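Engineer: Supplied in structure tokens, the structure appears directly below.
There are 2 protein chains.
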Amino acid sequence: MFKRFKIPEATIGRLTSYSRFLKEADEKGVTTVSSQQIARATGVTPAQVRKDLAYFGEFGTRGVGYNPRELYNYIMKILGLDRRWSVAIVGAGHLGTALSLYKGFAERGFDITCIFDADPEKIGKKIAGLEVRSLEELSQKVKEYNVELGIVAVPAAAAQEVVDIMVGAGIKGIINFAPVNVSVPEDVVIRRVDLASQLEYLTYHLGETR
Amino acid sequence: MFKRFKIPEATIGRLTSYSRFLKEADEKGVTTVSSQQIARATGVTPAQVRKDLAYFGEFGTRGVGYNPRELYNYIMKILGLDRRWSVAIVGAGHLGTALSLYKGFAERGFDITCIFDADPEKIGKKIAGLEVRSLEELSQKVKEYNVELGIVAVPAAAAQEVVDIMVGAGIKGIINFAPVNVSVPEDVVIRRVDLASQLEYLTYHLGETR
DNA sequence: ACATGTTTGTTAATCTTTTAACAATATTTT
DNA sequence: AAAATATTGTTAAAAGATTAACAAACATGT
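As given, the protein sequences belong to chains A and B, one line each in that order. Counting along the first sequence from 1, when you hit position 45 you're at 45 in the working numbering, and nothing is skipped either side. Counting along the second sequence from 1, when you hit position 145 you're at 355 in the working numbering, and nothing is skipped either side.
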């Protein structure tokens, strides 16, 4: 689509931040913002902002700045957020439940459309208006709801198996909250989010400074 | 402590992975592992494993490998996990509740000792055996429970205010789940975890490949 | 219309991180 | 006991990412 050359991983994360700030600015009625303003609001340098955007094209006007709404729309398109996405969650424990109910997903275009769990105790329960289903139904429901993204919120020991089922059902992007590395075919994008590891980042740095 | 020179950010995250694998290996009774085995299990290259470890010292034996238990202990010490940490959560919504109940924290040495919320409706409720308290009590309870780490699970609009209160109470490390950049004094370590952004990473990459 | 001041897009320089290569050291085999 | 094999720690090379600098382009004021 845009990708003329390789884009730094971190750039993608920053585009998310930029877009949130731009939306706010637009809603406040602001008609131009500078790379400096974007930078200050998102905690990076102005040069970084311009570089990140330069990977994808020219979106501003020299001597002036950027139009928030326009730039917002561009970034959302770059991120693939110019449409909505259907997401399945596997794991109806505390984390899976919280993620099912999390408002922040819908705001960015992600609709949680089905929830699965292996535990018969949990099957049939309603979460966020959705019935928890067995893993056997996953493949069928994924087709029914056009699910393209999956969230894994199961214990580490079950993660690989669940991911295999998801991949088998045709899911192409997966977030794995289990603290374990799982493998997927080349054409599937996977990302691990290790919550405890985030706290460990803090303790490491606290140890460092004394 | 160890830090003789600057350590890559990503190294810290990988040490977490290594340590989990090493613990497992040790529990299985394995007495030596190679950088290659660690690498395969955690999805990196053997050279990366050795380089990461080399920042902190020499932990292996040439021609042989590493002792899982020993290396595990070293890494846990590097990460500051050779003791337990007391953690406060602010925000008793779905996410805050799930995080309070999440078993993965305790396993890695993090004890959630208090939960706070601004909403009077939530105050007094019990979560994971803990009473939800008002923000006014935060400072006192942080002292009482020796809290050093904080988790922010409140709406974006409230995040900066909550972080200010935490910092005022002496908390030195903060995870911010609100999708907004907040500022802290130099001696406070902060890390933002944006859940929607994780999904956006997927959609970006899916768009890329067609 | 010209000079002054802004702010982008881009190129070059710097800094950081990863990968590769290999000498040093241990183990196993013959 | 020597040769072959394995695996680390370390150094050098390559790749990747960030920062800095500045020409190009626009706006404003005189």
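C-beta: ideal position from N, C-alpha, C; glycine also. What you are looking at is a predicted structure, and each value in this text was computed from that prediction instead of being measured.
1. Going along the chain, which residues of its own chain have a beta-carbon closer than 6 angstroms to the beta-carbon of residue 244 of chain B, five neighbours each way excluded?
2. My parser needs the alpha helix (DSSP H) runs of 4 or more residues fully inside the stretch 318-383 of chain B; what are they?
3. Helix, strand or coil for residue 257 of chain B? Go by DSSP, reduced to three states.
4. Helix, strand or coil for residue 217 of chain B per DSSP?
5. Please compile the residues from chain A whose C-beta is within a distance smaller than 8 angstroms of the C-beta of residue 312 of chain B.
6. Is there at least one non-hydrogen atom of the ligand SAM closer than 7 angstroms to the beta-carbon of residue 268 of chain B?
7. Please list the partners that residue 399 of chain B has in chain A, where partner means a Cβ-to-Cβ separation under 7 angstroms.
8. Cutting at 6 angstroms between CB atoms, please list the residues of its own chain near residue 232 of chain B, excluding the five before and the five after it.
9. Compare the C-beta of residue 181 of chain A against all C-beta atoms of chain B and say whether one is closer than 8 angstroms.
10. Which class does residue 100 of chain A belong to by DSSP, given the choice of helix, strand or coil?
11. Can you say whether residue 17 of chain A is buried or exposed, counting buried as having 16 or more other CB atoms within 10 angstroms of its CB?
12. Check each candidate in B:267, B:271, B:294 and name the one with the smallest Cα separation from residue 284 of chain B.
13. Look at the Cβ atom of residue 79 of chain A, then the Cβ atom of residue 414 of chain B, and state whether they are nearer than 8 angstroms.
14. Identify the residues that DSSP records as bridge partners of residue 61 of chain A: which are they?
15. Determine which residues share a DSSP beta bridge with residue 298 of chain B and list them.
16. Pick helix, strand or coil for residue 83 of chain A, following the three-state DSSP scheme.
17. Identify, in the order they occur along the chain, each residue of the same chain with its Cβ nearer than 8 angstroms to the Cβ of residue 241 of chain B, setting aside the five sequence neighbours on each side.
18. Just to confirm the assignment, what range does the beta strand (DSSP E) spanning residue 394 of chain B have?
19. With a threshold of 8 angstroms between beta carbons, is residue 5 of chain A in contact with chain B?
20. Which residues, taken in chain order from the stretch 160-180 of chain A, show a beta carbon closer than 8 angstroms to some beta carbon of chain B?
21. Counting contacts by CB-CB distance shorter than 8 angstroms, is residue 211 of chain B in contact with chain A?
Structural biologist: On the basis of the supplied data:
1. So the qualifying residues of the chain are 275.
2. Correct list: 348-354, 366-378.
3. Three-state result, residue 257 of chain B: helix.
4. Looking at residue 217 of chain B - three-state DSSP - the assignment turns out to be coil, as it is neither helix nor strand.
5. Result: 94, 95, 195.
6. Of the ligands one can find in the structure shown there are none, so the ligand SAM has no counterpart to examine.
7. Result: 202, 205, 206.
8. If we look at residue 232 of chain B and ignore the five residues flanking it on each side, its Cβ neighbours are 278, 281, 282.
9. Yes, residue 181 of chain A counts as interfacial toward chain B.
10. In this structure, residue 100 of chain A counts as helix in the three-state DSSP scheme.
11. That one is buried.
12. Per the Cα distances, B:267.
13. Going by C-beta atoms, residue 79 of chain A is nearer than 8 angstroms to residue 414 of chain B.
14. DSSP output for residue 61 of chain A lists A:65 as bridge partner(s).
15. The beta-bridge partner set that DSSP reports for residue 298 of chain B consists of B:324, B:360.
16. Residue state, collapsed to three classes: coil.
17. So the list reads 277, 278, once near-sequence residues are dropped.
18. Note, residue 394 of chain B: premise wrong, no beta strand (DSSP E); not H, not E.
19. Taking Cβ atoms only, chain B never reaches closer than 8 angstroms to residue 5 of chain A, which makes this a no.
20. Result list: 172, 173, 174, 175, 179, 180.
21. Only weak support exists for where residue 211 of chain B lies, its pLDDT of 48 falling under 50; the value from the coordinates is given anyway. So, interface residue.
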